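Notes to accompany the following structure.
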Amino acid sequence: NVVNVANFTGLLVRMLPPEVLKKVMPIVSKSLPVLSALSPLIRPIPITSSMLQPILKIALPALMSAGGGREGAQEHKKSIGQPILDEDVKLIDPETVKEVPVGEPGEMYYRGPNLMLGYWPTPGSGIGEDGYLGSGDVYMMDEEGFMEIVDRTKDMVNVAGFKVYTEELDKYLCNHPAVFNAGVIGLPDPKRPGAEIVKACVQLRGGYEPSKELEEELTDFVAKRFPPYYKPKLYEFMELPLSSVDKIDKLALRKMAGGKKSA
30 NVVNVANFTG LLVRMLPPEV LKKVMPIVSK SLPVLSALSP LIRPIPITSS
80 MLQPILKIAL PALMSAGGGR EGAQEHKKSI GQPILDEDVK LIDPETVKEV
130 PVGEPGEMYY RGPNLMLGYW PTPGSGIGED GYLGSGDVYM MDEEGFMEIV
180 DRTKDMVNVA GFKVYTEELD KYLCNHPAVF NAGVIGLPDP KRPGAEIVKA
230 CVQLRGGYEP SKELEEELTD FVAKRFPPYY KPKLYEFMEL PLSSVDKIDK
280 LALRKMAGGK KSA
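This is how it looks when you write it as structure tokens:
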């Protein structure tokens, strides 16, 4: 078995250890161009016919573009863009398993010619009878089809039937002058079996100390932006665990702070 198509982000390529790069590069034909593979990838660039033909001789029919640059989308600065050509996308409410209205968050399901065969080693695993694959990512889509990422389904908190999207709460808490970083998780609600309460794990900036007064201040800060069920019921001031790409490691955080969910 060989890999004939690999899809990387610029960050991932830059993170590859030198010994891995040495093993990967020889499998690339010397006649093929390597575009931006060893430098930051800022945006897609057009590929010329002369560059494409030798690639097609090797990779056909497995090669396809999974995205591209779009001009004139400055009014959608928070969006990751629109679904690509020939790809069907729908957003599904995780609880009702029904499509959500425009502007409402839901887990992204997609199908199209670029869809993988399934999760290794079983072809078709993870793909529904209708051909859609669940991404595990929560998005919102506007009337023009522009999509904005909201959260991961495994990071959502269920507060008495209301969904709390922790990523937006993480980011918002970091706007408070005392907060250096924040990670929100869900804990089992002792009063409501099957429900959760919101816990905010906060790493403070220098010069600030944990206190009940600061907890109340942060709760009031959240209440200015979000509905009541978003307000944290518990706080823990701590140094937050980070992943290899400097993002909060929610799995490690849940283990440290008592959360019940796993990846």
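Going letter by letter, the sequence shown gives residues 30 to 292 in the numbering used here. Ideal Cβ positions, reconstructed from N, Cα and C, are used throughout, including at glycine. No experiment lies behind these values; they were computed from the predicted model shown.
Residues that DSSP places opposite residue i in a beta bridge
{"i": "GLU265", "result": "CYS230"}
{"i": "PRO138", "result": "The residue asked about is misnamed: residue 138 is Tyr in this sequence, not Pro. For TYR138, which the question treats as bridged, DSSP gives the partners LYS119 and GLY163."}
{"i": "PRO217", "result": "GLU225"}
Selection from the options that minimises the alpha carbon distance to residue i
{"i": "TYR161", "options": "GLY141, ASP249 and ASP275", "result": "GLY141"}
{"i": "TYR201", "options": "PHE266, GLY212 and PHE191", "result": "GLY212"}
{"i": "ASN204", "options": "GLU172, LYS253, GLU173 and TYR194", "result": "LYS253"}
{"i": "ASP133", "options": "ILE113, LYS119 and GLU244", "result": "First, the amino acid is wrong: residue 133 is Glu here, not Asp. For the residues ILE113, LYS119 and GLU244, the minimum Cα distance to GLU133 belongs to LYS119."}
{"i": "LYS183", "options": "TYR139, GLY153, GLY215 and GLY157", "result": "GLY215"}
{"i": "THR125", "options": "ILE156, LYS192, GLY174 and ARG181", "result": "LYS192"}
{"i": "ILE113", "options": "GLY174, GLU48 and LEU271", "result": "GLY174"}
{"i": "LEU271", "options": "GLY287, GLN232, GLY153 and PRO261", "result": "GLN232"}
{"i": "SER266", "options": "THR151, GLY235 and ASP249", "result": "The sequence shown places Phe at residue 266, rather than the Ser named in the question. For PHE266, the nearest C-alpha among the options comes from GLY235."}
Beta-carbon proximity check, residue i vs residue j, cutoff 7 Å
{"i": "LEU247", "j": "ASN210", "result": "no"}
{"i": "TYR258", "j": "VAL179", "result": "no"}
{"i": "GLU172", "j": "VAL131", "result": "yes"}
{"i": "TYR264", "j": "GLU244", "result": "yes"}
{"i": "GLY147", "j": "GLY155", "result": "yes"}
{"i": "LYS260", "j": "VAL251", "result": "yes"}
Beta-carbon contacts of residue i that lie in its chain and below 7 Å, excluding the five residues immediately before and after
{"i": "ASP122", "result": "VAL129 and GLY135"}
{"i": "MET137", "result": "VAL118, LEU120, SER164, ASP166 and TYR168"}
{"i": "MET170", "result": "LEU120, VAL131 and MET176"}
{"i": "PRO256", "result": "none"}
{"i": "ALA281", "result": "PRO270"}
{"i": "ALA286", "result": "ILE214, LYS228, CYS230 and GLU265"}
{"i": "HIS105", "result": "PHE175"}
Other residues of its chain near residue i: CB distance less than 6 Å, five sequence neighbours each side excluded
{"i": "LYS279", "result": "ASP184"}
{"i": "GLU196", "result": "ASP180"}
{"i": "GLY190", "result": "none"}
Residues near residue i in its chain [Cβ-Cβ closer than 8 Å; skip 5 each side]
{"i": "MET145", "result": "LEU162"}
Exercise. Touching or not, the stretch 163-176 and the stretch 227-247, by the rule of three or more beta carbon pairs under 8 Å?
Worked result: By the Cβ test, the stretch 163-176 is not in contact with the stretch 227-247, since fewer than three Cβ pairs between them sit closer than 8 Å.
Exercise. Counting Cβ pairs closer than 8 Å, one from the stretch 238-245 and one from the stretch 213-220, do we hit at least three?
Worked result: Taking a cut-off of 8 Å on C-beta distances, the stretch 238-245 does not touch the stretch 213-220, as fewer than three cross pairs fall below it.
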